[in-house]
Amino acid sequence: MTAALPRDASPPMRRESVAGLEWLVLPQAPPWLFLAFTTRRGGVSEGPWAELNLGRSTGDEPARVEANRQRVLEAAGPGWRWVAMPRMVHGADVSVVRAEAPWPPGEAPAADALVTTDPGVLLWATFADCVPVFLWGEAEPSPATAGVAPRDGAGAAPGPRRGVALAHAGWRGTLAGVAPAAARTLARAMGVGTHRLNALIGPSIGPCCFEVDEPVLQRLARRLPWAEEVLAPSPRGAGYRHWDLWETNRRLLVEAGLDPRRIAVAALCTACDTASFFSHRASGGRTGRMAGLIGIRPGIRPGG
1 MTAALPRDAS PPMRRESVAG LEWLVLPQAP PWLFLAFTTR RGGVSEGPWA ELNLGRSTGD
61 EPARVEANRQ RVLEAAGPGW RWVAMPRMVH GADVSVVRAE APWPPGEAPA ADALVTTDPG
121 VLLWATFADC VPVFLWGEAE PSPATAGVAP RDGAGAAPGP RRGVALAHAG WRGTLAGVAP
181 AAARTLARAM GVGTHRLNAL IGPSIGPCCF EVDEPVLQRL ARRLPWAEEV LAPSPRGAGY
241 RHWDLWETNR RLLVEAGLDP RRIAVAALCT ACDTASFFSH RASGGRTGRM AGLIGIRPGI
301 RPGG
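The sequence shown begins at 1 in UniProt numbering and counts up by one.
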């Protein structure tokens, strides 16, 4: 079974070069789990989008973006049944993805979180400061199904129930509760409690760089009773504060029932490291996008 993640894992993500590109992976991931977050290194885009821009609505040349996306899919390996990419709207809607029901071209749902329990479905979302929240879980079959043979007639007991989710938590999605909504949906899909889930809060703008003004602060105060605990003074003085989106999403996941020991924070600020990451805030809006990817690997047998 998946071991609990230490809160102070150092570092929870590791850089890895695959097929000419660089991405970040989770070193302690179980064999059945695919999880990666791309950097900007290893693509064909130029200018403010250099190099591995994966965003189609950024102003980059479409052919370069598609070439970059193909590089990422090749690096993810063969066997994926399809790639699920939502139409993100900075809300808290969650879409459950089924392997046998791919979305028709151009009909992706408006959602900021995806969930699947089917092997071979690769969940994908793009980021450039917003917080990627990866979720996954594994649980033994319930006593009611432990002795039931699988549909293929092999006669063996079913293996562990597995599931994954990916949430896109900008500040609006964070306040809307997209991360806990994704966790609850994943837990329901797996038939387990949220305390059985693991989470990773990936690279995004950090508390060092994410400054917000009074209108946002008012919304934050109305939404979270502990808002002051995730805010810090800004050098600009009154009316501005720095907001820790990492800690906010971590607390929201704990409130949703996740075990704090199973939540890791990458603690990598996209605005601080623009050599590695695209940052909407640091670039003034003219930049590319990274991708977060998660899925149950194709070809992994139950229990493998």
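Just so you know, even glycine gets a beta-carbon here, dropped at the ideal spot from N, CA and C.
- The residues H242, in chain order, have a CB closer than 6 Å to that of A232 in the same chain once the five nearest residues on each side in sequence are set aside.
- Counting only unbroken stretches of 3 or more residues, the beta strand (DSSP E) elements lying wholly within the region 249-288 are 263-265, in sequence order.
- In the displayed model, H242 falls within a strand according to three-state DSSP.
- In the DSSP assignment, E211 falls within the unbroken beta strand (DSSP E) covering 211-213.
- Inclusion of G284 and A183 in the CB contact set at 9 Å is not warranted, their separation being larger than that value.
- The C-alpha of R261 lies about 16 Å from the C-alpha of G202.
- Counting along the chain, G173 sits inside no beta strand (DSSP E); it lies in the alpha helix (DSSP H) bounded by residues 171-176.
- N198 sits in a strand when the DSSP states are folded into three classes.
- The continuous stretches of alpha helix (DSSP H) do not include L24, which lies in the beta strand (DSSP E) extending over residues 21-25.
- Per DSSP, the unbroken alpha helix (DSSP H) holding P62 starts and ends at 62-76.
- In this structure, I296 sits near D118, with a CB-CB distance shorter than 9 Å.
- In terms of Cβ geometry, A128 and F37 do not form a close pair [threshold 9 Å].
- Taking 9 Å as the cut-off, the beta carbon of H195 is found no closer than this to the beta carbon of A113.
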